[in-house]
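**Q**
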Amino acid sequence: MNVLKIVIIGFLILESTNVMALYFFPDSKLANSMGVFKPWEKSKQNPEVHNLVKYLVNWVAGTKLIFILLLIVILVSTDDQTLVLAGAALAVSISSFFWRLFPLIRKMDNNDQIDPKNYSAVLGWMILAFILTFLGAIFLSTSG
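Just so you know, this note's numbering puts 38 at position 35 of the sequence shown, and the rest follows in order with no gaps.
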C-alpha cells in the first residue's frame with residue numbers, strides 16, 4: 004500500500020474521532036473537543052449564546068464529515084497522481100490553522116481560557132507534525 008494512503012487513513016481515523024466527539028461528546032477534553040475551552044461552560048449560562056456556539060460546533064463537525072467522506076472517495080477511486088495532489092491539498096489546508104486558529108487559541112491559552120494549560124502549544128506541534136507527515140509521505144510517494 005502507498006505510504007500516502009496509509010497517512011491519509013491515519014488522518015481519517017483521527018478526524019473521525021474528532022467528529023464523533025464534537026457531535027456526541029462536546030463536553031469532552033478528548034479528541035480535541037470543546038471541553039478544553041473554559042468559555043464553553045460559561046456559554047451554557049446564556050442559552051442564546053450557547054445555542055450559537057453549539058450551532059458552530061456542529062457546523063465544524065459537519066464540514067469535517069464532508070471532508071472525511073470525500074477523502075474516502077479519493078482513496079478508493081483515484082490514481083497515484085491525484086492522491087499526491089490530494090495530499091498536497093491536505094497539507095496546505097491544514098497549514099491554514101496557523102493563520103487564524105493558532106493565534107486565537109494561543110491568546111485564549113495565555114488568558115487562562117484553556118484547560119489544560121499550554122494546550123495551544125501541544126495542538127500547534129500536533130498540527131505541524133500532520134503537515135510534515137503529509138509532506139514526507141508525498142515525497143516518499145513521488146520519489147520511487
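For each residue, glycine too, the CB sits at the ideal point set by N, CA and C.
Since this is a predicted model, take the numbers as computed values, not measurements.
In chain order, what residues of the same chain have a beta carbon less than 8 Å from the beta carbon of SER144, not counting five sequence neighbours either side?
**A** Here residue 144 corresponds to residue number 141 of the sequence shown, with the count starting at 1. So the qualifying residues of the chain are ASN5, VAL6, LEU7, ASP83, LEU86, VAL87, GLY90.
**Q** By the 10 Å Cβ neighbour count, where 16 or more other Cβ atoms means buried, how is LEU126 classified, buried or exposed?
**A** Along the sequence shown, one-based indexing puts residue 126 at 123. That one is buried.
**Q** Under 8 Å, with one C-beta from each stretch per pair, do the region 53-60 and the region 99-109 reach the 3-pair mark?
**A** With the cut-off at 8 Å, the region 53-60 and the region 99-109 do not touch.
**Q** Provide the residue span of the alpha helix (DSSP H) that contains LYS57, from first to last.
**A** Sequence index remark: in the sequence shown, residue 57 carries index 54 (1-based). Per DSSP, LYS57 belongs to the alpha helix (DSSP H) from 50-80.
**Q** So LYS47 and GLY38 are in contact, right, with Cβ under 8 Å, and what is the actual spacing, rounded?
**A** On the sequence shown, residue 47 is found 44 positions in, with the first residue counted as 1. On the sequence shown, residue 38 is found 35 positions in, with the first residue counted as 1. About 12 Å; that fails the 8 Å criterion.
**Q** For the alpha helix (DSSP H) that LEU15 lies in, which residues bound it at each end?
**A** Start at 1 with the first residue of the sequence shown, and residue 15 comes out as number 12. Taken as a continuous stretch (DSSP letters only), the alpha helix (DSSP H) holding LEU15 covers 6-27.
**Q** If we ignore side chains and look at the alpha-carbon of each, how far apart do GLU44 and ILE11 end up?
**A** For the purposes of this step, residue 44 is taken as the residue at position 41 of the sequence shown. For the purposes of this step, residue 11 is taken as the residue at position 8 of the sequence shown. One C-alpha to the other measures close to 33 Å.
**Q** Could you give the distance in angstroms between the alpha-carbon of LEU135 and the alpha-carbon of ALA94?
**A** Within the sequence shown, numbered from 1, the residue matching residue 135 stands at position 132. Within the sequence shown, numbered from 1, the residue matching residue 94 stands at position 91. Near 8 Å, if we compare the C-alpha coordinates of ALA94 and LEU135.
**Q** Please determine, among SER123, PHE70, PRO42, PHE27, the residue with the shortest C-alpha to C-alpha distance to ILE16.
**A** If you number the sequence shown from 1, residue 16 lands on position 13. Among SER123, PHE70, PRO42, PHE27, the Cα nearest to that of ILE16 is on PHE70.
**Q** Where do the ends of the alpha helix (DSSP H) carrying GLY45 lie?
**A** Numbered from its first residue, the sequence shown carries residue 45 at position 42. Before going further, note that residue 45 is Lys rather than Gly in the sequence given. Segment 41-46, the alpha helix (DSSP H) holding LYS45.
**Q** How many angstroms separate the CA atom of TYR26 from the CA atom of ASN61?
**A** To locate residue 26, count along the sequence shown from 1; it is residue 23. To locate residue 61, count along the sequence shown from 1; it is residue 58. Cα to Cα, TYR26 sits roughly 6 Å from ASN61.
**Q** Please return the same chain residues whose Cβ sits closer than 8 Å to the Cβ of ILE141, not counting the five positions on each side in sequence.
**A** Here residue 141 is taken as the residue at index 138 of the sequence shown, counted from 1. Here the set comprises LEU7, VAL87, GLY90, ALA91, ALA94.
**Q** Roughly how many angstroms separate the alpha carbons of SER19 and PHE133, rounded to a whole number?
**A** Walking along the sequence shown from the start, residue 19 turns up at place 16. Walking along the sequence shown from the start, residue 133 turns up at place 130. So the two alpha carbons sit approximately 15 Å from each other.
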